[in-house]
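Peer 1:
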């Protein structure tokens, strides 16, 4: 009977003396071996299994991925709170309100813009010697990124002017940033103008290859015209039709590049004007503030002068009152003395 009872216990809890099988580590979050279902292990599935071979109240559970809480709302809430604390809880100062941090951010953007302009220069050189459409697309991508950086720099400089609030030291820093920005705009404009000239010269050479007898006016009309019929007409007028098709296709592509360059140059010129107007507006604002400050200072000085005058007048009036009071006292005393002597002598026998 004892042997039967021992066999029943082993069937219920498993033979602890028998060697336990070893399992290879799970792959992709899935257990490597399957086990008999354990009713006690299933009670804690909703609470999340923390990994290991003995997770889930004695059952073999698949290890959880790092940071995964298996749907535990409390764990997710705690993680959210920790993230909020790490981010400062949103209780810090608003971004960009500090002048010096905004100045540092603007200088970093200007450095990025400078690198971007140099990248545009290199891409222009590569596209000039290549007819691959990807080269032109890469130039467009770089110009779009440079345009975004220019807008960010302009907005930051406007914000810096507002944060300076007439402070001369801060205004000096903003002027230095503005000068650097306008210098980069000028550099980019020079690059675009040089590239426009090179593209136009290359297009003219291509046209003269297929039509050497073309005049200056004809070459200029073909290179600068927006009308596709001009290209078609020039193509029909040449005897080298086969070689001319590739040349005119390249001329058309170069013409599109010239139009894009003209657009970029126009945007840079508009940016120059906006910065000039911004400086003028800020100068007018500063002049108005200084004028108002001078007016307030003058009013304060005048008010102090009037106050001192009123104090002096009050003191003089008070002094006169005391003088009049003592004069009246003396007069009354004299009258009393005279009347006393008069009536005293009169009543004397």
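Residue numbers (the UniProt record's numbering): 1 to 349. In this text, a Cβ means the ideal position worked out from N, Cα and C, and glycines have one as well.
CB of residue 200 to nearest heavy atom of the ligand ATP: below 7 Å?
Peer 2: Among the ligands in the structure shown, none appear at all, so the ligand ATP cannot be discussed.
Peer 1: Residues in its own chain within less than 8 Å of residue 112 by CB, not counting five upstream and five downstream?
Peer 2: Excluding positions up to five away in sequence, the list reads 149.
Peer 1: Determine, using beta carbons only, whether residue 157 and residue 139 come nearer to each other than 8 Å.
Peer 2: In this structure, residue 139 does not lie closer than 8 Å to residue 157 by Cβ.
Peer 1: Quick one: grab the DSSP three-state call for residue 345.
Peer 2: In this structure, residue 345 counts as helix in the three-state DSSP scheme.
Peer 1: Could you check the C-alpha separation between residue 170 and residue 267 for me, to the nearest Å?
Peer 2: Approximately 29 Å between the Cα atoms of the pair.
Peer 1: Does DSSP put residue 266 in a helix, in a strand, or in coil?
Peer 2: Helix, per DSSP.
Peer 1: To the nearest angstrom, report how far apart residue 199 and residue 218 are at their CA atoms.
Peer 2: Going from the Cα of residue 199 to the Cα of residue 218 covers about 17 Å.
Peer 1: Give a yes or no on contact between the segment 101 to 115 and the segment 175 to 189, applying the rule of three or more CB pairs nearer than 8 Å.
Peer 2: Yes: at least three Cβ pairs fall under 8 Å.
Peer 1: Let me check understanding here. Comparing Cα to Cα, which of 159, 304 and 252 lies closest to residue 206?
Peer 2: The candidate whose alpha carbon is nearest that of residue 206 is 252.
Peer 1: Leaving aside the five residues before and after residue 314 along the sequence, list all residues of the same chain whose C-beta is less than 8 Å from its C-beta, in chain order.
Peer 2: Cβ within range, chain order: n/a, list empty.
Peer 1: Please report the Cβ distance between residue 126 and residue 135, rounded to the nearest whole angstrom; I am assuming they are in contact, meaning their Cβ atoms lie under 8 Å.
Peer 2: About 6 Å; that satisfies the 8 Å criterion.
Peer 1: For residue 29, does the count of other Cβ atoms within 10 angstroms reach 16, so buried, or fall short, so exposed?
Peer 2: Bear in mind that a pLDDT of 40 at residue 29, under 50, signals an unreliable position, so the number given afterwards is only what the model happens to contain. So residue 29 ends up on the exposed side.
Peer 1: With distances taken between CB atoms, is the gap from residue 204 to residue 223 smaller than 8 Å?
Peer 2: For residue 204 and residue 223, yes; Cβs fall inside 8 Å.
Peer 1: With a Cβ-Cβ cutoff of 8 Å, do residue 173 and residue 103 count as a contact?
Peer 2: Going by C-beta atoms, residue 173 is nearer than 8 Å to residue 103.
Peer 1: Can you list, in chain order, the residues of its chain whose CB lies under 7 Å from that of residue 309, leaving out five sequence neighbours each side?
Peer 2: Contacts found: none.
Peer 1: If the criterion is Cβ atoms closer than 8 Å, does the pair residue 117 and residue 164 meet it?
Peer 2: In this structure, residue 164 does not lie closer than 8 Å to residue 117 by Cβ.
Peer 1: Is the beta carbon of residue 261 sitting closer than 8 Å to the one on residue 195?
Peer 2: The answer is yes: Cβ separation under 8 Å.
Peer 1: Measuring alpha carbon to alpha carbon, tell me which of 271, 326 and 201 ends up nearest residue 361.
Peer 2: This structure does not reach residue 361, given that the chain is present from 1 up to 349, and the question cannot be answered.
Peer 1: Would you mind listing the alpha helix (DSSP H) stretches within the segment 131 to 213 that are 4+ residues and don't spill past its ends, in chain order?
Peer 2: The qualifying runs are 133 to 164 and 168 to 210.
Peer 1: Using alpha carbons as the reference points, say which of 330, 133, 159 and 98 lies closest to residue 250.
Peer 2: Considering only alpha carbons, the answer is 133.
Peer 1: From the DSSP output, in three-state form, read off residue 350 for me.
Peer 2: Nothing can be reported for residue 350: it is not among the residues displayed for the chain, which extend from 1 to 349.
Peer 1: What does the alpha-carbon distance come out to for the pair residue 105 and residue 180?
Peer 2: Residue 105 and residue 180: Cα-Cα distance of roughly 14 Å.
Peer 1: Taking Cβ positions only, does residue 172 come closer than 8 Å to chain B?
Peer 2: Protein chains in the displayed structure number just one, and chain B is not present.
Peer 1: Hey, out of 108, 246, 264 and 245, whose CA is closest to residue 142's CA?
Peer 2: Residue 142 has its Cα closest to that of 264, out of 108, 246, 264 and 245.
Peer 1: Count the other CB atoms within 10 Å of the CB of residue 109; is the residue buried (16 or more) or exposed (fewer)?
Peer 2: It counts as buried.
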